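Taken in order, these protein sequences are the chains called E and Z. Under the working numbering, the residue at position 110 of the first sequence is numbered 110, and the numbers go up by one with no gaps. Under the working numbering, the residue at position 199 of the second sequence is numbered 331, and the numbers go up by one with no gaps. Backbone N, C-alpha and C define an ideal beta-carbon position, used for all residues, glycine too. Fair warning: this is a prediction, and the values are worked out from it, not measured in the lab. Report on one structure; see the data block that follows.
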Amino acid sequence: MLPPASGTGQYFEKAAKSIRLIRQGCTNRPFYHISVTQRKRLNSQPVIEQLGSYDPMPNINNEKLVALNLERIKFWLGKGAQVSTPVAEILGLAGFFPIHPRSYMTAWRNRKTERENLAKQAEEAKTKENTD
Amino acid sequence: MMSVLINKLPRNNIKTIITRSSEIQSCRHLSIVPSLYDDKDPAPTFFSSQVQILLKRLTRPDLSKVFRKRCNTGLFVLRTPTYKFLTDKELEAEIAKANEKAEQLLQMPPVVKMHQTINEVLSEDPALIGYDSCKYLFTDITYGVKNEHRIIVERDPDGVLRNCDHDIRKRLNQTYFPMNGRKIKEPIMFSDKDRFNDLLDNSKYEFILDRACIQYEPDEPKYQSVTSITYQHIDLKKCYEILRSTRHFGPMTFYLTWHQSMDNLMLELLQGNAIREAVLLTSLRQHIHGDVINGGEAHNLAQQILPTPKQSEKPENLTEEDIQLDNKCVECIEKFIVGNSAMKSQHELALQGFREHYQQLIDLSRGLRKAHGGV
């Protein structure tokens, strides 16, 4: 059972809040809401407020769409809400936060694997030439 | 058997000839070169109150056409008309209400300069190269921000953070804040040239212009080229009457005057015996370009014409003031033809025709007045 999009979660003034991705898609089709919720609450439970959305599957133009309600995000940050890593990464890419270290790590690792793949391909081509 | 074959042959020939001629036609439409508002900003001129008044008057609004029945897409029920008995006072109030609504329906789509491309880099981060192979588009969906002021940025695969260009902005605005009637994908009638030309050939000008108004922003190059081609097509075919008393006549007149091609429209006005509107058109040209020889005179005449009712309402009931005013108009147009017209002989011919027609009208109205016992 999916939680409603926004606004039905119980709100406690003093309890810790967290801004996180909440999966809303179906099987094999991920889609996320960026929502603020009580930190101790499960992702399947109702949230306090939805702050945006994130579609991790590229669309027909090879773009990933992110919607952010920056005004409300600022409000909840001011209330001391904790931000989960994936959301911090997204906000970093958007230029709202400094870029998250994990983004740099992913980029660096992707570059490294690509370099290794290229080297491997070159080696295979070389061995093929020698055998021919 | 043979005769059947012989009968068939010429038919086929006719068919091929017809298809060829249609090909030639479509080729000719493709050769219309759209001219855009890209060098000087037309907005201050277009929105100046004098020009607006002139354009509204030239539209020649006819309430029965303004409130005509239109296709009912989007309406769930066709409403039946209601008939009421009203006192004079109530009737006046209803007419005032209808006029207000007509003014709303006739509000002209704005004419503005084409927008510049946005190319504003916010930050560069080469360390992000390889993070992802696709773009990230971020839209600020804060409540109460207008579409044109919304923050929309993109993070490219090479780590550059930049403001999005107009086409992406439009697509994302339509995704998150859809506008009724606008499509994310361009409608095929605009993207396919053949279909667009078919619409032009069938004189569906109002449909094209209405749809372009919804689909595009007025400062988009595509909007300006679509409307420009349509206006030029109307100008070629001289079907100005189709656009009369719609909201598109003003921008069309403005377009033709701005691009110095209002001679056909002038000719149509003279042939339709609308001499006062011809003077208003010269006044409009003087407002836009300031190159009319007797510009000051045209302005003065326009000021005198604007409070008078529409010309074609009671042609056989001319007062002496009307005759004086019309004679002044004829003189003004004569000077305009000598000084500025690009189609001098045709304009002069049309003016001569108007003079003869007008002389008859004068004789008729004077005779009528005499018969009724006037002086």
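Shown in chain order are the members of the segment 57 to 80 of chain E whose Cβ falls below 7 Å from a Cβ of chain Z: PRO58, ASN62, GLU63, LYS64, LEU65, VAL66, ALA67, LEU68, ASN69, LEU70 and GLU71.
For VAL285 of chain Z, the chain E residues whose Cβ falls inside 7 Å of its Cβ are ALA94 and GLY95, in order along the chain. With a cutoff of 8 Å on beta-carbon distance, ASN405 of chain Z and PHE486 of chain Z are scored as near each other. Annotation: LEU438 of chain Z to VAL66 of chain E spans about 54 Å, alpha carbon to alpha carbon. Residue nearest to ARG102 of chain E within the set E:THR85, E:GLY95 and E:THR113 is E:THR85 (criterion: CA-CA distance). Residue-level contact check: PHE270 of chain Z touches chain E, since one or more beta carbons of chain E fall below 8 Å from its beta carbon.
Bounds of the alpha helix (DSSP H) holding THR389 of chain Z are 381 to 390.
Residue pairing of THR271 of chain Z in beta bridges, as defined by DSSP: E:ALA67 and Z:ILE284. Residues of the segment 236 to 260 of chain Z with a Cβ closer than 9 Å to any Cβ of chain E, in chain order: LEU254, SER255, ASP257, ALA259 and LEU260.
Contact note: LYS267 of chain Z reaches chain E through PRO58, ASN61, ASN62, GLU63 and LYS64, using a C-beta cutoff of 9 Å and chain order. Think of a sphere of 7 Å around the beta carbon of ASN110 of chain E: the chain Z residues whose beta carbon falls inside it are GLY262 and TYR263, in chain order. Exclusion of the five residues before and after LEU254 of chain Z leaves VAL285, LEU293, ARG294 and ASN295 as the residues of its chain whose Cβ lies within less than 8 Å of its Cβ.
Within the DSSP secondary-structure output, THR85 of chain E pairs in no beta bridge.
The beta carbon of ILE374 of chain Z sits closer than 8 Å to the beta carbons of SER335, TYR337, GLU338 and ILE366 from its chain, once the five residues preceding and following it are set aside; these are given in chain order.
The Cβ of TYR104 of chain E sits closer than 8 Å to at least one Cβ of chain Z. Scanning its chain for C-beta atoms nearer than 8 Å, with the 5 sequence neighbours on each side dropped, one finds around SER180 of chain Z the residues HIS419, in chain order. Under the criterion of beta carbons closer than 8 Å, CYS461 of chain Z and VAL424 of chain Z do not qualify as touching, at roughly 14 Å.
Chain-ordered listing is empty here: chain Z has no CB closer than 7 Å to the CB of GLU49 of chain E, the nearest sitting near 12 Å. By the Cβ-count criterion, GLU409 of chain Z is buried, with 16 or more other Cβ atoms from all chains shown falling within 10 Å of its own Cβ. Proximity of ILE273 of chain Z to chain E, defined by a Cβ-Cβ separation below 8 Å, is satisfied.
Closest in alpha carbon position to ASN396 of chain Z, among Z:ASN305, Z:ARG327 and Z:ALA474, is Z:ALA474. The three-state secondary structure of SER377 of chain Z, taken from DSSP, is coil.
Straight across, the Cα-Cα distance linking LEU118 of chain E with ALA125 of chain E is about 11 Å. Between SER265 of chain Z and PRO289 of chain Z, the C-beta spacing is below 8 Å. GLN82 of chain E places its beta carbon less than 8 Å from that of ALA16 of chain E. Among the residues of chain Z, none has a CB under 7 Å from the CB of GLU124 of chain E; the nearest is roughly 22 Å distant. Within chain Z, the residues whose beta carbon sits less than 8 Å from that of GLU114 of chain E are GLY262, listed in sequence order. Here DSSP, grouped into helix, strand and coil, assigns ILE60 of chain E to coil.
Burial state of PRO193 of chain Z is buried, judged by a 10 Å Cβ sphere holding 16 or more other Cβ atoms.
At a Cβ-Cβ threshold of 8 Å, LEU223 of chain Z and VAL198 of chain Z do not count as neighbours. By the criterion of at least three beta-carbon pairs nearer than 8 Å, the segment 256 to 270 of chain Z is in contact with the segment 55 to 74 of chain E. Annotation for ASN426 of chain Z: no alpha helix (DSSP H) segment contains it, and DSSP assigns it neither H nor E. For ALA107 of chain E, the chain Z residues whose C-beta falls within less than 7 Å of its own C-beta are ALA259, LEU260, ILE261, GLY262 and TYR263, listed in chain order. By the rule that beta-carbons nearer than 8 Å mark a contact, LEU168 of chain Z does not touch chain E. Sequence-distant Cβ neighbours of VAL87 of chain E in its own chain, meaning closer than 8 Å and more than five residues away, are ILE19, ARG20, LEU21 and ILE34. For the segment 302 to 315 of chain Z, the residues whose beta carbon sits under 9 Å from a beta carbon of chain E are, in order, ARG303, LEU304, THR307 and TYR308.
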